[in-house]
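A short worksheet on the structure shown next.
Protein chains: 2
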Amino acid sequence: MSFKLTSKEQRTGEFTVRKKTITTPFFMPVATKATGKSITSDDYKDLGGGVRANAIICNALLLSFKPGSEIIRDMGGIHEFMNFDGVIFTDCGGFQSSRNFFLRRTTKALWFKNPYNNETVRLDPKTIMRIQHEIGSDVAMVLDDMAPYGASFELAKEAMETTHRWAEESLLAHKELELKNKTGQKVFGIIQGNFFDELRIESAKFITSLPFDGFAIGGVAIGETTKEMIQAVKTVLPYLPEDKPRYVMGVGKPEDITALTKIGVDCFDSVYPTMSARHGTMLTKQGRIYIDKAKHQKSKEPIEKGCTCKTCRNYTKAYISHLCKVKDPSGYRLRSIHNLHFMMNHLKL
Amino acid sequence: MSFKLTSKEQRTGEFTVRKKTITTPFFMPVATKATGKSITSDDYKDLGGGVRANAIICNALLLSFKPGSEIIRDMGGIHEFMNFDGVIFTDCGGFQSSRNFFLRRTTKALWFKNPYNNETVRLDPKTIMRIQHEIGSDVAMVLDDMAPYGASFELAKEAMETTHRWAEESLLAHKELELKNKTGQKVFGIIQGNFFDELRIESAKFITSLPFDGFAIGGVAIGETTKEMIQAVKTVLPYLPEDKPRYVMGVGKPEDITALTKIGVDCFDSVYPTMSARHGTMLTKQGRIYIDKAKHQKSKEPIEKGCTCKTCRNYTKAYISHLCKVKDPSGYRLRSIHNLHFMMNHLKL
């Protein structure tokens, strides 16, 4: 069993993959291209004060563009490649269709333009599962399709139906690869349905009927209100098995995570802590601080008093503010470290 | 006595300022704006394997633009501001006249445009010494004037004569500030004279006639050949007192430093290790490696086998190469750490 509940009331548990056990709920920093925009594994493994990231998520599609999944495989897999000893998820799919390198979709595949060499890339379930297998992540996500926020019922239904077909094809491809190579990689299904309760329920029923190792709720955090996001999750949760991890994709604001862990979500990922850090929003127990405001330029205080992160133990708000004003990349790194450290502590309920 | 020779044959020594003692010869990484382009004090103080930078140099003019010398003073000085416990030099002067924010020179001052607010800034000896005093560096450099490489004898002589007047004025300003505040800050004179032996000797005689704490050779590493640079230094050295530190400004290639320490230079600074790192040139005992070359993209080896730097102990050439190909700032940081670590070891003769 790869998932064990340690408390049913608070829904805390242990998720084990390839002999690595991490406690749930957990938050995954996003290392899209095997790096978190100035953050590498030395920081993930030591954010200060004994706090570290136990799991991160990389993007299989982007890594297939560069350096290429074969190179990562030849380097010994993604853990060796980026020297990260924690759990690594890879995502692939549908949400990328909002990016500027997305070309088009059919019911069979998604098409992208590789921004590094302008080649057209066809992504179908079999291809992306092979890529994730080569990358060697601990948990692969199925290919899914997604309608944008505000989409019509028909469009949402169509994307959901594609998602369901691709879930079956992804699962099959994954099982074949595992049968052959026995790497211990797990695979999670993704529930879609946009913001239509009827579709969310249909999708939850269908996806949970397949033997996945965990279940993700995708197609949220795409522009909807917090209320709508939580409603979509609430609609789905009763249909998810208790004994499998539940992952809400792309949700990352601390208050949203608090709300979702309370109703029984186990796993999160989001660029929110690092992206907001780069833009000057620092997360603290007392709320958000906007570090680029004039008043912080002369502050000898750390971002958060008592914080044990590598940034707060070493630098003042004045210095952190200065670094970004002179556009030094170290400023983005130090801010990201603080926000990631905050998130890791935030998840220790 | 702030400088003590521990060996006259190899010219090794100890330089002490404000109770901090560092061994000579030493190399200073350049932290122009109180940061080394992705490198901050946590890296300067720990480059890996117990190696650290004992001294760095910041730029007083640039820091006066942002955050402003008063802010640094109010924050407790540059050491507190950037949390660096080693020796900090500040430079100010002449070589900045090659920058695009330089406006014009007279015999009284240099004029610059502050790139952050477009204000015109007048820099005379008294002003820059006050700025360096406010910043609180351990060693302040005098304001100097410099002719470009290839300048005529007349132009070089004019710049030298301005340098000499400014040296006297800088020294006077420094003494007045120290008399008033007793901070223990030291001040170094700068010898100019371009590539004319006659001027270099005249400048060396004049500058060493003034009671500076150390003597710098400026106006080198500005486009001349290595041979010309070494010739300029050789011309000057016999005129420098044995019992004061000798600093060649702006020289940073390992082989040049080797040549100059052999003839009795004690102190160096250069952007070379970090700038070349950002552009993919990695320094190793076996020579330079160009990390962006295709062959390194699939290498599981560190940049340099046996190297104890934080980069080599954690990451492969393949990963380092990848980070810069996807333009992640962490790549520049990790490369810079290696080259700085190399330089620190290189100076341990």
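Chains as they are written, first to last, in the numbering used here: chain A, 1 to 349; chain B, 1001 to 1349.
Ideal placement from N, C-alpha and C gives every residue a C-beta, glycine not left out.
Computed from a prediction, not measured in an experiment: that's the story for all the values here.
Review point. Applying a beta-carbon distance threshold of less than 8 Å, which residues of chain B neighbour G223(A)?
Key: The premise fails here: G223(A) is roughly 27 Å from chain B at the closest Cβ pair, so nothing lies under 8 Å.
**Study point:** Short Cβ contact (8 Å threshold) for L171(A) with L210(A)
**Key:** Yes; because the gap between Cβ atoms is below 8 Å, this pair is in contact.
Check your understanding: Would L237(A) count as contacting chain D if we go by Cβ distances under 8 Å?
Key -> Of the protein chains in the structure, A and B, none is chain D.
Check your understanding: Quick one: any contact between the stretch 335-342 of chain A and the stretch 1234-1252 of chain B, if contact means 3 or more CB pairs under 8 Å?
Key -> no
Point to revise | Where the beta strand (DSSP E) containing N59(A) begins and where it ends | key: Where N59(A) is concerned, the enclosing beta strand (DSSP E) stretches over 55-59.
Practice item. Determine contact between the stretch 1311-1321 of chain B and the stretch 1279-1298 of chain B, defined as no fewer than three beta-carbon pairs at a distance below 8 Å. Key: yes
Point to revise | Collapsed DSSP secondary structure at S2(A) in the structure displayed | key: coil
Point to revise | DSSP-derived helix/strand/coil call for K253(A) | key: coil
Point to revise | Simplified DSSP state of L1047(B), which is helix, strand or coil | key: coil
Exercise for review: Label N1181(B) either buried or exposed according to how many other C-beta atoms from any shown protein chain fall within 10 Å of its C-beta, with 16 as the threshold for buried.
Suggested key: That one is exposed.
Exercise for review: Would you be able to state if there are at least three C-beta pairs under 8 Å between the stretch 1274-1281 of chain B and the stretch 1225-1240 of chain B?
Suggested key: no
Exercise for review: Go to T1308(B), then tell me how far its beta strand (DSSP E) extends in each direction, as first and last residue.
Suggested key: Here T1308(B) belongs to no beta strand (DSSP E), and DSSP marks it neither H nor E.
Review point. Using Cβ-Cβ distances below 7 Å, what residues of the stretch 188-222 of chain A are close to chain B?
Key: none
Check your understanding: Which two residues bound the contiguous beta strand (DSSP E) that contains Y290(A)?
Key -> 287-290
Check your understanding: Can you list the residues of chain B that G76(A) reaches, using a CB-CB cut of under 8 Å?
Key -> Annotation: Cβ neighbours of G76(A) in chain B (cutoff 8 Å, chain order): K1300.
Check your understanding: Buried or exposed: L155(A), going by 16 or more other Cβ atoms within 10 Å of its Cβ?
Key -> Counting the other CB atoms within 10 Å of its CB gives L155(A) a total below 16, which places it among the exposed residues.
**Study point:** Neighbour list for M1282(B) in chain A, Cβ cutoff strictly below 8 Å
**Key:** Correct list: empty, because the minimum Cβ distance to chain A is about 17 Å.
Point to revise | Whether C1267(B) touches G1049(B) by CB criterion (8 Å) | key: No. Outside cutoff.
Point to revise | A1216(B) versus D1197(B), L1199(B), F1196(B), Q1192(B), residue with shortest Cα-Cα distance | key: Q1192(B)
Practice item. Could you say which of L1237(B), T1311(B), H1346(B) lies nearest to D1256(B) if we only look at CA atoms? Key: H1346(B)
Practice item. Please check if any C-beta of chain B sits within less than 8 Å of the C-beta of V326(A). Key: V326(A) has a beta carbon lying within less than 8 Å of a beta carbon in chain B.
Review point. What is the C-beta distance between Q297(A) and P1067(B), in whole angstroms, given that I count them as a contact (C-beta under 8 Å)?
Key: Right, the Cβ-Cβ distance comes to about 6 Å (below 8 Å), so this counts as a contact.
Review point. Taking the alpha carbon of Y1239(B) as the point to measure from, which residue in L1260(B), A1204(B), A1259(B), A1221(B) has its own alpha carbon closest?
Key: A1204(B)
Point to revise | Where the alpha helix (DSSP H) through R1052(B) begins and ends | key: From DSSP, R1052(B) is part of no alpha helix (DSSP H); its letter is neither H nor E.
Exercise for review: Measure the alpha-carbon distance for F1003(B) versus L1179(B) and round it to whole angstroms.
Suggested key: 21 Å
**Study point:** Within-8 Å CB hit, K1317(B) to chain A
**Key:** So no, K1317(B) is outside the interface.
Check your understanding: Taking Cβ-Cβ distances below 7 Å as the criterion, which residues of the stretch 55-69 of chain A are in contact with chain B?
Key -> K66, P67
Exercise for review: Give a yes or no on whether the minimum CB-CB distance between T1090(B) and chain A is below 8 Å.
Suggested key: No, T1090(B) lies away from the interface with chain A (no Cβ there is under 8 Å from its Cβ).
Practice item. Name, going along the chain, the residues of the stretch 1102-1130 of chain B whose beta-carbon falls closer than 7 Å to a beta-carbon of chain A. Key: Residues of the stretch 1102-1130 of chain B whose Cβ lies closer than 7 Å to any Cβ of chain A: none.
Exercise for review: Note down, one range per segment and in chain order, each beta strand (DSSP E) of at least 3 residues found wholly within the stretch 1120-1168 of chain B.
Suggested key: 1120-1123, 1139-1141
Point to revise | Neighbourhood of R313(A) by C-beta distance below 7 Å, restricted to the same chain and skipping five residues each side | key: Close CB contacts of R313(A) within its chain, under the 7 Å cut and outside five residues either way in sequence, are with G48 (chain order).
Review point. On the premise that K1108(B) lies in contact with D1091(B), defined as a C-beta separation below 8 Å, what is that separation, rounded to the nearest angstrom?
Key: Taking 8 Å as the upper bound for CB-CB distance, D1091(B) and K1108(B) are not in contact here, some 20 Å apart.
Point to revise | Own chain residues within Cβ distance below 8 Å of F26(A), not counting five before or after | key: F15, N54, A55, D266, C267, F268, L347
Point to revise | Beta-bridge pairing of K1012(B) - partner residues as DSSP gives them | key: Correcting the residue type first, residue 1012(B) is Thr in the shown sequence and not Lys. DSSP lists S1007(B) as partners of T1012(B).
Check your understanding: Any idea what DSSP makes of I303(A), helix, strand or coil?
Key -> Three-state result, I303(A): coil.
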